[in-house]
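Chemist: Read in order, the letters of the sequence shown are residues 0 to 397 in numbering that gives the first Met the number 0. Glycine included, C-beta positions come from ideal geometry on N, C-alpha and C. Remember, predicted model here, so these are calculated numbers, not experimental data.
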Amino acid sequence: MNSVRSDLPANAALRHVYVHFPFCAHKCPYCDFNSHARRDGEIDGYIDALLAEARAWSGRVAAETIFIGGGTPTHCTAAQLERYVAALCSLLAPTPAAEVTVEANPGSVDAAKVAALVRSGVNRVSMGAQSFHDHHLKTLGRIHAAHDTERSAAVVRDGGIPRLSLDLILATPSQTLAEQAHDVQRVLALEPEHVSAYVLTYEEGTVFTKRMREGKLPPPRPERELEHLHLVRDALEAAGRARYEISNFALAGAESRHNLAYWRNADWLGLGAGAHSHVGGRRWKNVEDPAGYARAIGLQGDAPVWSEAVSPPWQLFESLMMGLRLVSGVDLDALADRYGMDVRIEHAAALARHQAAGFLRLEGSRMMLTETGLDVANAVICDFVPDVPPPVTKSLKP
Ligand code: SF4
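#1: Am I right that I67 and P93 are in contact with their C-beta atoms under 8 Å? What's the rounded C-beta distance?
#2: Taking just the CA atoms, how far does V304 sit from S394?
#3: Between V384 and F316, what straight-line distance do the alpha-carbon atoms span, to the nearest angstrom?
#4: Are any of the Cβ atoms in chain B nearer than 8 Å to that of L323?
#5: Hey, would you say the C-beta of T71 is under 7 Å away from at least one heavy atom of the ligand SF4?
#6: Going straight from the alpha carbon of V60 to that of R54, what length do you get?
#7: Return the chain-ordered list of same chain residues with a C-beta closer than 6 Å to the C-beta of V2, the five sequence neighbours on each side being excluded.
#8: Within the present structure, is the beta-carbon of K112 separated from the nearest heavy atom of the ligand SF4 by less than 7 Å?
#9: Under 8 Å by Cβ, that's how I've got G58 and A110 pegged, so tell me the actual separation to the nearest angstrom.
#10: Nearest to K112 by alpha carbon, out of S130, S151, A144?
#11: Are the stretch 158 to 173 and the stretch 185 to 194 in contact at 8 Å, needing three or more beta carbon pairs?
#12: First and last residue of the alpha helix (DSSP H) that includes T208?
#13: How far does the alpha helix (DSSP H) with E149 in it reach, from first residue to last?
#14: If you reduce the DSSP assignment to three classes, tell me which class F32 lands in.
#15: Rounded to a whole number of angstroms, what is the C-alpha to C-alpha distance between M0 and F32?
#16: Would you kindly work out how many angstroms separate the C-alpha atoms of V342 and P389, rounded to a whole number?
#17: Taking the beta strand (DSSP E) that Y45 belongs to, which residues open and close that run?
#18: V198 and H229 look like a contact to me (Cβ under 8 Å); what is the Cβ gap, rounded to whole Å?
#19: Helix, strand or coil for C75, going by three-state DSSP, please let me know.
#20: For the ligand NAP, any of its heavy atoms closer than 7 Å to the Cβ of G280?
#21: Is it the case that the CB of S34 approaches a heavy atom of the ligand SF4 more closely than 7 Å?
Shown next, in the form of structure tokens:
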């Protein structure tokens, strides 16, 4: 019995839950998520396992945010969607004001599915628009066209989902700045409360990275990526979607509360294949393969494949790594209370160096990246790595 539940403090408060649905209609060549195409026959068994895992945790959760991501959570029938989303929303005891998000892809939602989401308690849909140029969507290996995004966004709105977030991928191969500008205007025309805009990254093990190494796709060019990001930032901000995280923009009050919990290094519970959890200084990951995950849940009621205890210096570093992505930065007094270490003392040299370079600034007890610092966030954050061994991962045989 591997149960991580018994290792946690009985009063561990679980307020943020991520749920993974690992099935997609098609595997995109740039994607390194735990997502699988042509395995739809496994969906019903997977839902059974997911609900069994949620049931095992249910007494310990009062969810302020639930985020159902993937994969493509809407890549199933309306009946399957309602079966698992409604049951999750009941088992995870969302508070009356909870934010309940479901990711969807253009073309994967219709009126029946949106009605099922609304009946289940979903109040936010995050949709992967990615581009509004069909030739770039084709390069990205996406199976939708620009008009599918417009049609699906209308279905979501007409069905009564109050909040819509749209994702864009920036600086795709051969994309011009004029095309990027056009994409943002097409996004804004759909009036999303929230926009995520991530530069295309070449992840290890993806088809895109292999093609790039073979010289068939251009390698990333950081200056070009920043040009695209700045253009998108300026257009979104001009339209009232303030940048609140390096790649995320929202109308006031429409920030993603679930993602804010990650960036503030709050505890969260992850359910489903490959999901990570981070509760009370302990972190673990579930079995990644959907069938293996379902088998482990059936045999033993949970499916952790490894777990690790994160020491306070590393928790502090992770809080900086995540929190400095936020435009509002981190509260150093609060971090000192939480971890018993003050960044102004522990990392005085790095702090002074990046302040002098104009990358970091202090405002009272808050530390944040400057506008220039946000462009080089990773390099700045690396300077805060603690001088103690990293967490030791303990393998758990499911
Ligand atoms: S739809 Fe999303 S999760 Fe699925 S393969 Fe494409 S990028 Fe990955």
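Modeler: Let's see:
#1: As a working mapping, residue 67 is identified with position 68 in the sequence shown. As a working mapping, residue 93 is identified with position 94 in the sequence shown. Contact flag wrong, Cβ pair sits at about 12 Å.
#2: In the sequence shown, the residue the question calls residue 394 occupies position 395. In the sequence shown, the residue the question calls residue 304 occupies position 305. Near 6 Å, if we compare the C-alpha coordinates of V304 and S394.
#3: Mapped onto the sequence shown, residue 384 falls at position 385. Mapped onto the sequence shown, residue 316 falls at position 317. Going by the C-alpha atoms only, they are around 6 Å apart.
#4: Chain labels in this structure do not include chain B; a single protein chain is all it has.
#5: Within the sequence shown, residue 71 is the residue found at index 72, counting from 1. Under cutoff, so the answer is yes.
#6: For the purposes of this step, residue 60 is identified with residue 61 of the sequence shown, where counting begins at 1. For the purposes of this step, residue 54 is identified with residue 55 of the sequence shown, where counting begins at 1. Roughly 10 Å between the two C-alpha positions.
#7: Along the sequence shown, read from residue 1 onward, the residue named residue 2 stands at position 3. The residue asked about is misnamed: residue 2 is Ser in this sequence, not Val. Cβ neighbours of S2 beyond the five flanking positions: D301.
#8: Here residue 112 is taken as the residue at index 113 of the sequence shown, counted from 1. No, the beta carbon of K112 sits no closer than 7 Å to any heavy atom of the ligand SF4.
#9: Counting from 1 along the sequence shown, the entry for residue 58 is found at position 59. Counting from 1 along the sequence shown, the entry for residue 110 is found at position 111. Contact doesn't hold; Cβ gap of about 35 Å is too wide.
#10: Translated into positions along the sequence shown, residue 112 becomes position 113. Here the closest residue by C-alpha is S151.
#11: yes
#12: By one-based count along the sequence shown, residue 208 stands at place 209. Start and end: 206 to 212.
#13: By 1-based counting over the sequence shown, the position of residue 149 is 150. 145 to 157 is the extent of the alpha helix (DSSP H) around E149.
#14: Translated into positions along the sequence shown, residue 32 becomes position 33. Looking at F32 - three-state DSSP - the assignment turns out to be coil, as it is neither helix nor strand.
#15: Along the sequence shown, read from residue 1 onward, the residue named residue 0 stands at position 1. Along the sequence shown, read from residue 1 onward, the residue named residue 32 stands at position 33. For M0, the pLDDT reaches just 48, beneath the cut-off of 50, and the residue's location in the model is therefore unreliable, although a value from the coordinates is still provided. Roughly 28 Å separates the two Cα atoms.
#16: As a first step, residue 342 is located in the sequence shown; it is residue number 343 there, counting from the start. As a first step, residue 389 is located in the sequence shown; it is residue number 390 there, counting from the start. About 18 Å.
#17: Reading the sequence shown from its first residue, position 46 is the one you call residue 45. Here Y45 belongs to no beta strand (DSSP E); instead the alpha helix (DSSP H) covers 42 to 56.
#18: Numbered from its first residue, the sequence shown carries residue 198 at position 199. Numbered from its first residue, the sequence shown carries residue 229 at position 230. Going by Cβ atoms, the distance from V198 to H229 rounds to 11 Å, so no, they are not a contact pair.
#19: In the sequence shown, the residue the question calls residue 75 occupies position 76. Reduced to three states, the DSSP call for C75 is coil.
#20: Because the ligand NAP does not appear in the structure shown, any question about it cannot be addressed here, the ligands present being the ligand SF4.
#21: Within the sequence shown, residue 34 is the residue found at index 35, counting from 1. It does: the Cβ of S34 is within 7 Å (strictly closer) of some heavy atom of the ligand SF4.
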